[in-house]
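Heads up: the structure comes next, in structure tokens.
In my numbering, the protein residues as written are 1319 to 1574.
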């Protein structure tokens, strides 16, 4: 592995965000509170809604599967995204998680037990070094290697999520180029008009309110726009609001 040193322990740097008040209406229409942030890849300008919340850290939940995949491949804990990992045989929240899967499929259906197995194979020491090298949020991996992104102490802000995705897209993370390319390829995608949304969702149930995430990048023409969105959720019924708000935001003329 070629993990390099990063800004260990540093607080997140303040970010100047171009606030677009009209985007707030998309959150109001589905009766939720949240934030949306997108970066212009040419200028580096951050624009979106609710900059105060965009700077606040939350538990990343399954959005961490992107980083977990990177660390797993880089350390050799998994040979490839097509190597099948065991789910463990125990009942799961969703029946589709009750199967052995490769990362390529596991990230698509957000299979928690597969990524917990990957984390255990990585191990506590290598995981801590990997998360720090990626400068991922507060970089706290705690003492439970297969739960820290679900229950804490790991936390990350929308601003930091956008910066992480930006570095993933531009090969600026301290990992092998083939690792970055492979993970970019397995992230889910959905076509919306003349854009392609590359995304990973997350649902943190360890806090009140629960937090719903969707992070990734918008592909339009020759450009890729990193984004992050999070909302307050009461339960799983609120999950569709994440993509609904995202699509509404990127349709706004002031965004892309």
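Positions of the beta carbon are idealized from the N, C-alpha and C atoms, including for glycine.
- According to the DSSP assignment, residue 1366 belongs to the beta strand (DSSP E) that extends over 1364 to 1367.
- In this structure, DSSP gives residue 1528 an extended state, which the three-state scheme calls strand.
- With respect to the C-alpha of residue 1409, the residue from 1430, 1505, 1425 having the closest C-alpha is 1430.
- For residue 1433, the enclosing alpha helix (DSSP H) has its first and last residue at 1430 to 1440.
- Per DSSP, residue 1476 is one residue of the alpha helix (DSSP H) stretching across 1476 to 1487.
- Taking the CA atoms as reference points, residue 1407 sits about 16 Å from residue 1438.
- In this structure residue 1378 is buried. Its beta-carbon is surrounded by 16 or more other beta-carbon atoms within 10 angstroms.
- With respect to the 7 Å criterion, residue 1563 and residue 1548 are not classified as neighbours on the basis of their beta carbons.
- Out of 1422, 1464, 1448, 1415, the CA that lies nearest to the CA of residue 1436 is found in 1464.
- Around the Cβ of residue 1340, a 10 Å sphere holds fewer than 16 other Cβ atoms; the residue is exposed.
- Residue pairing by DSSP leaves residue 1384 without any beta bridge partner.
- Each of 1454, 1348, 1546 was checked against the Cα of residue 1555, and the nearest Cα belongs to 1348.
- Taking C-beta atoms under 8 Å as the contact rule, residue 1405 and residue 1432 qualify, at a distance of about 6 Å.
- In terms of Cα proximity to residue 1496, the closest of 1413, 1473, 1511, 1399 is 1399.
- Among the bridge pairs identified by DSSP, residue 1376 is matched with 1474.
- Under the 10 Å beta carbon count, residue 1445 is surrounded by 16 or more other beta carbons and is classified as buried.
- Taking the Cα of residue 1368 as reference, the smallest distance to any Cα among 1440, 1360, 1476, 1401 is reached at 1476.
- Taking residue 1418 as the centre and dropping the five residues before and after it, the same chain places the C-beta of 1402, 1403, 1404, 1405 closer than 7 Å to its C-beta, in chain order.
- Residue 1456 sits in coil when the DSSP states are folded into three classes, being neither helix nor strand.
- In its chain, beyond the 5 residues on either side, 1563, 1566, 1567 have a beta carbon closer than 7 Å to the beta carbon of residue 1344.
- Residue environment analysis places residue 1354 among the buried positions, since at least 16 neighbouring C-beta atoms fall within 10 angstroms of its C-beta.
- In the assembly as shown, residue 1366 is a buried residue. Its beta-carbon has 16 or more other beta-carbons within 10 Å.
- Judged by their CB atoms, residue 1541 and residue 1359 are nearer to each other than the 7 Å cut-off.
- The beta carbons of residue 1483 and residue 1539 sit about 18 Å from each other, so the pair does not count as a contact at 8 Å.
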